[in-house]
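Enquirer: Here it is, the structure, as structure tokens.
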Amino acid sequence: MDDLAYFVAANDMDGDNQTDLIIVHNENNNVGLAPGNGDGTFQNEILFTACSNSWFENVNDYPLSVAVGDFNNDSRRDFAIPCKFLHQVTVILTGPCISFLSSQEYTTADQPTSIAVADFNEDNMTDIAVTNYYSNSVTVFLATESGTFVLTNSFPTMHNPIGLAVGDFNGDKLVDIVTVSCESLSISLLFGYGNGYFQRQKSYSTIACSYSVAVGDFNGDTYLDIVIENRDSGVSIYLGYGNGDFEAPMHISTSNFPRFVAVNDFNNDGRLDIATVHYDGYLNILINAC
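Residue numbers (the numbering used here): 2 to 291.
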């Protein structure tokens, strides 16, 4: 991993039932796939170009994150990437052996930064949400049966949202959105109505500047928890009560200057672990011992 590594996500990209890492390198427009070995270690990255004015050109339009979903119902994992200075989301459809088939571009609000996918309107299709840094909002795109997307609306958040994740935080079985902001030192929750629209934000304070957020059940109580990185070092975990409220955060140390965080079971023990990618190019894996 080089010193341009900026974001990490986790998924089984090649269908081998092992967790892989997808890593964004923002200054050279590359997205890398590091195949997992199933024992907590990973192979060298396979690099792809993203966020260019032309599909085969590299013009430094700064991809800042990546989300994975089957956007055209072919049972293969595809990519969706917000392109900050193009003010758009690029959806990349994949083929056999993680090859590229095609790309689609969708206009967002000002400077999209993070992206997440979920079924926001309960039609069994994978939709897209992005944070808009300078528009102080989240934009939601709903999937159509043809494999394309339509814009629903942009929903207000705190000032300069960056990190983004989704889940059911209040126990109503509808998909909600959580965002985090460094500038406002806060987390915003948008509770979903189940039709692609969301309630007014509910905010929580953080203890430090944070750029990234991820969710999962870390303590086995069936309620979703929230984890964020702290810019100087470490991560903070907010354990959820299942009703939209959370305990005071607990803090875990990492290497210096974490930039993004992801969660998955990296060692196949049935417990969610945490991965952080750092400014200096390092990747930390925090194994859950609870």
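We treat Cβ as the ideally placed atom computed from N, Cα and C, and that holds for glycine.
Between Asp124 and the ligand SAM, is the CB less than 7 Å from at least one heavy atom?
Expert: Only the bare structure without any ligand can be found here, which leaves the ligand SAM out of the picture.
Enquirer: If distances are taken between C-alpha atoms only, which option among Phe261, Asn289, Phe267 comes closest to Asp281?
Expert: For this step, residue 281 is matched to residue 280 along the sequence shown. Out of Phe261, Asn289, Phe267, Phe261 has the C-alpha closest to the C-alpha of Asp281.
Enquirer: Which residues does DSSP list as the beta-bridge partners of Met251?
Expert: Taking the sequence shown and counting its residues from 1, the one referred to as residue 251 is at position 250. Met251 is bridged to Ile238.
Enquirer: Ile116 and Ala144 look like a contact to me (Cβ under 8 Å); what is the Cβ gap, rounded to whole Å?
Expert: As a first step, residue 116 must be located in the sequence shown, where it is residue number 115. As a first step, residue 144 must be located in the sequence shown, where it is residue number 143. That belief does not hold up - the Cβ atoms of Ile116 and Ala144 are roughly 14 Å apart, past 8 Å.
Enquirer: Let me confirm a value: Asp169 is counted as buried when at least 16 other C-beta atoms fall within 10 Å, else exposed. Which label applies?
Expert: Counted from its first residue, the sequence shown places residue 169 at position 168. By the neighbour-count rule (16 or more Cβ atoms within 10 Å), Asp169 is buried.
Enquirer: Applying the 10 Å Cβ sphere with the 16-neighbour rule, what's the burial state of Phe86?
Expert: On the sequence shown, residue 86 is found 85 positions in, with the first residue counted as 1. Per the 10 Å Cβ criterion, exposed.
Enquirer: Since Ile23 sits in a beta bridge, which residues does DSSP pair it with?
Expert: To locate residue 23, count along the sequence shown from 1; it is residue 22. Answer is Ala10, Leu34.
Enquirer: Considering only residues of the same chain and omitting the five flanking positions on each side of Pro344, which have a CB-CB separation below 6 Å?
Expert: Since the first residue shown for the chain is 2 and the last is 291, residue 344 is missing from the structure and cannot be characterised.
Enquirer: As an exercise, report each continuous beta strand (DSSP E) stretch of at least 3 residues that is fully enclosed by the region 145-223, in chain order.
Expert: DSSP runs (the beta strand (DSSP E)) wholly in the region 145-223: 150-157, 164-168, 177-182, 187-191, 203-206, 214-217.
Enquirer: Can you list, in chain order, the residues of its chain whose CB lies under 7 Å from that of Asn269, leaving out five sequence neighbours each side?
Expert: Reading the sequence shown from its first residue, position 268 is the one you call residue 269. Same-chain partners within the cutoff: Gly39.
Enquirer: Taking Glu90 as the reference, which of Asp75, Arg77, Val67 has the closest Cα?
Expert: Stepping through the sequence shown from its first residue, residue 90 is reached at position 89. With the sequence shown as reference, residue 90 is identified as Val, and Glu is not the correct amino acid for it. Here the closest residue by C-alpha is Val67.
Enquirer: Within the same chain, show all residues whose beta-carbon is closer than 7 Å to that of Ile275, passing over the 5 residues directly before and after it, in chain order.
Expert: Here residue 275 is taken as the residue at index 274 of the sequence shown, counted from 1. Excluding residues within five positions, the ones whose Cβ falls inside 7 Å are Val228, Val236, Val262, Val264, Leu287.
Enquirer: Please return the same chain residues whose Cβ sits closer than 8 Å to the Cβ of Ser138, not counting the five positions on each side in sequence.
Expert: Numbered from its first residue, the sequence shown carries residue 138 at position 137. Closer than 8 Å at the Cβ level, and outside the excluded window around Ser138, lie Ala110, Thr132, Ser155, Phe156, Pro157, Thr158, Pro162.
Enquirer: For Gly243, collect the residues of the same chain with a Cβ closer than 6 Å to its Cβ; drop the 5 residues on either side in sequence, then sort them by chain order.
Expert: As a position in the sequence shown, residue 243 is number 242, starting the count at 1. So the qualifying residues of the chain are Gly172, Tyr224.
Enquirer: Can you tell me whether Ser217 is buried or exposed, with buried defined as 16 or more other CB within 10 angstroms of its CB?
Expert: Here residue 217 corresponds to residue number 216 of the sequence shown, with the count starting at 1. Before going further, note that residue 217 is Gly rather than Ser in the sequence given. Result: buried.
Enquirer: Going by C-alpha distance, which of Leu240, Asn196, Asp233, Gly221 is nearest Ala215?
Expert: Position 214 of the sequence shown, counted from the start, is the residue given in the question as residue 215. Looking at the Cα atoms, Leu240 is the closest of the given residues.
Enquirer: Ends of the beta strand (DSSP E) at Val118?
Expert: Position 117 of the sequence shown, counting from 1, holds the residue named residue 118. Start and end: 113-119.
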